[in-house]
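Asks: Positions 1 to 669 (the UniProt record's numbering) are the ones given, in order, by the sequence shown.
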Amino acid sequence: MFSSNPSLSFLAGGGEMGQLTREFDWAGTTLGSPTTWPQSLRTTLSILLNSRFPMFLFWGPEQIGFYNDAYRPSLGIDGKHPKILGMPGAEAWPDIWHIIKPLIDGVLAGEEATWSEDQLIPIERNGNLEDVYWTFSYSPVRTESGSIEGVFVTCSETTSRVNMLRELKESNYTQQQLNGDLQHSLRATQLSEARFRNLVEQAPVAIAILEGRSLVIREVNEMILQIWGRDHSVVGKPIHLALPEIQGQPFLALLDHVYISGIPYYGNEAKVLLEQQGELKELYVNFAYKPVKDTDDTTHSIMVIAIDVTEQVEARKAIDEVNARLTIAMEAAALGSTEVEFATGKMQATAQFKKNYGRNPEEDFTYAQLFESIMPEYRQEIKHRVAAAVKNRTVYQAEYEVRWPDGTLHWIAAYGKARYDDEGVARRIVGMTADITDRKTFERRKDDFLSIASHELKTPLTSLKAVLQFLNLIKDQPFTKRHVQLIEQANRSMDKMGRLMDDLLHVNRISEGQLQLQKTWFNSARMLEGCCSSVGLNADEECAVTGDLDLELYADEQRLGQVVINFITNAVKYAPGSPISISIENLGDQVKITVADNGPGIPEEAKSQIFDRYFRASHSSNEYTGLGLGLYISAEIVKRHNGRIGVHSEPGKGSSFWFTLPLEDRSKR
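(1) Are the Cβ atoms of L41 and V153 separated by less than 8 Å?
(2) I'd like the span of the alpha helix (DSSP H) that includes N570, first residue to last.
(3) Which residues in the same chain as P238 place their Cβ atom closer than 8 Å to its Cβ, once the five residues preceding and following it in sequence are excluded?
(4) For the beta strand (DSSP E) containing A306, list its first residue and its last residue.
(5) Report yes if the CB atom of S51 is closer than 8 Å to the CB atom of E311, and no otherwise.
(6) Does the count of Cβ pairs from the segment 548 to 565 and the segment 597 to 609 closer than 8 Å reach three?
(7) Leaving out five residues before and five after E117 in sequence, what residues of the same chain have Cβ atoms less than 6 Å from its Cβ?
(8) Taking DSSP's pairing of strands, which residues face C543 in a bridge?
(9) Entirely within the segment 338 to 416 and at least 4 residues each: give me those alpha helix (DSSP H) ranges in chain order.
(10) So which of H648, Y632, L663 and G652 has the shortest CA-CA distance to N642?
(11) Excluding the five sequence neighbours on either side, which residues of its own chain have a C-beta within less than 7 Å of the C-beta of L409, listed in chain order?
(12) Which residues in the same chain have their Cβ closer than 8 Å to the Cβ of D294, if we skip the five residues on either side of it in sequence?
(13) Output needed for M17: all residues of its chain with C-beta closer than 7 Å, excluding positions within five of it in sequence on either side, in chain order.
(14) If you run the structure through DSSP and keep just helix, strand and coil, what is Y284?
(15) Taking 8 Å as the threshold (C-beta atoms), are I568 and V535 in contact?
(16) Quick one: is N570 buried, meaning 16 or more other Cβ sit within 10 Å of its Cβ, or exposed?
(17) Look up T594 in the DSSP assignment and give the residues it is bridged to.
(18) Could you check how far apart the C-beta atoms of residue 755 and V313 are, in whole angstroms? I think they sit under 8 Å.
(19) By Cβ distance below 6 Å, which residues in the same chain neighbour V390 in space, the five residues on each side in sequence not counted?
(20) Measuring only the C-alpha atoms, how far is V107 from I99?
(21) When you compare the CB positions of D548 and N586, do they come within less than 8 Å of one another, or not?
(22) Once the 5 residues before and after T625 are set aside, which same chain residues still bring their CB inside 6 Å of it?
(23) Roughly how many angstroms separate the alpha carbons of G588 and R379, rounded to a whole number?
(24) Using a threshold of 8 Å, state whether the C-beta atoms of L31 and T21 are closer than that.
(25) Spatial neighbours of C531 within its chain, please: C-beta separation below 7 Å, excluding the five flanking residues on both sides.
(26) Spatial neighbours of V132 within its chain, please: CB distance less than 7 Å, with the 5 preceding and 5 following residues excluded, ordered by chain position.
(27) I believe R385 touches A368 by the beta-carbon criterion, under 8 Å. Please report the beta-carbon distance rounded to the nearest angstrom.
(28) What whole-angstrom Cβ distance do I207 and I305 have, given they're in contact under 8 Å?
Here it is as structure tokens:
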């Protein structure tokens, strides 16, 4: 499915988790098929799967989970991987749900993104419940309408660092207890420094130790050097000389304040310009400046801890850019969006949404005012459709007329879908509207044209027919052969125009809902044989009726005859000389009538449109006349009988047009 569907390209790549995500049966979850996922979810997943930084995504009312290859090692062996993919959050993380659920709820409620450092959150992995420390951030993911539907998690396991820092603390405590023995204290200090150096080098985050107020670099690990874009030659240099590009940026002043005050400083997604490989690059980091103090509480050094979150920030910016582009697209298409709370009736609406109802973007517009603007004849149907969409968890759709404050009438196309809480209760509905007045006006004018054209042409046609009928009565009087030919030709033209007028009138009745059925009992075979006779087949054209010849139908015989005659006429028109077979099949509760020929068949691309109004197959040449209304009218007649209509055809193997009707029990009539 993935390789044959370009709309799923957002799931490309991503290593093991990309493959698992593509192969997962999403149709079995509340998210449904990936082809229906919103653009915001698609963009976020594309970024997540292709990132090398550990990322996790909770999405939707059930907080269904997604994660990438970088996050995978945190789940251990024989742990939650891969079973938590696509699993609701409460089921995937029952052991820590009481910890992370409030964070998720806060983000979904619109609170600021979270930042937690060295947080103890035990997880089940490697067959055991392990104490694991994390540094992580929870950020909101907004949909095209601006609502928050997902929580984007970036994280880094810091268990090793926490344990090492704990060991460091214990080591310092040991040193304080051994002050009485100088030699022992010196050896302990040397050991502590070695262990500390090892901790710095092995830490899973970037660490540097800056000594004195001049901030001389004393200890670094590879991760901090990678962020700085430097090597170990910076050790022993003041940081402002090792990194001259940070002068003019806020970091030197912050470090000096931490050294003087002894108060730590924490930065979140701070932008820093650093020279890497000869180029000044823009990075984003989460960092901490922590004072390292002597026993007398005097600061002697500052520990710098940093995490490069550039990918995370750029990912969020990419999502914001997508949302901005969607907003532009909606504005260009004059689409308005809204969100209504069911409990309070409180409505939020965009400027375009208000414009669609004739309101100024700056004025307040309530749901009560919206409903009052809808013409009364549509209100009950709208209530019914909204209730059905909420109950069935489907998209609500409706078209209705509204009266603007200036008194003018306008048509609105509305779409919406409810949003549910964890208990499945619909809390709000998110929707979009468009002003379709121009389209409705065009449709009305087109229908008016058909009606006017039919009646205007019917009047001269009636007059012409009367004259021709009179001339036909006297054609045996002394006239030339040419006169007779002209009279017969006039009659043929008159009948042809009459059929066209009938088609137009039928379309008009269908459009106005005035196509009435006069149902009676009749023998289906006799009706079909009568249709064959009325078409006027040539001597070399056969029309045979087979099947259940005694089957009686309760239907409008004249209308069904019109359908069959249309099928036969098309067979004669497009397959001249081909034998025509008509079959009657009793299917128990239905009857199926099929008209088949051995003509050239119908192209595959035409089948889906062949019953549309005004459609004429592309293989029809100018020698085939008609307005393209016959099959459309036939389809409407069958539909009014609660039946189905269709065609089976292969190029070069003929066509079989068929329709089915419900069978009535005559004993119950």
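Ideal Cβ placement from N, Cα and C applies to all residues, glycine included.
Predicted model, so just to flag it, every value in this text is computed and none were measured.
Replies: For this structure:
(1) no
(2) E557 to Y574
(3) S214, L215, V216 and I217
(4) T299 to D308
(5) yes
(6) no
(7) T135
(8) I580
(9) 351 to 356, 367 to 373 and 376 to 392
(10) L663
(11) E401 and R403
(12) H300
(13) L49, Y67, N68, D69 and R72
(14) strand
(15) yes
(16) buried
(17) S583 and W658
(18) Past the boundaries of the shown model lies residue 755; the chain is included only from 1 to 669, so the question cannot be answered.
(19) A418 and A426
(20) 14 Å
(21) yes
(22) Because the pLDDT of T625 is 43, which lies under 50, any placement of that residue in the model is unreliable, and the number read from its coordinates should be weighed accordingly. For T625, where only same-chain residues beyond five positions count, there are no Cβ hits under 6 Å.
(23) 41 Å
(24) no
(25) G561, V564, I565 and I568
(26) I121, P122, I123, E157 and T159
(27) About 19 Å separates the two Cβ atoms, so there is no contact after all.
(28) 6 Å
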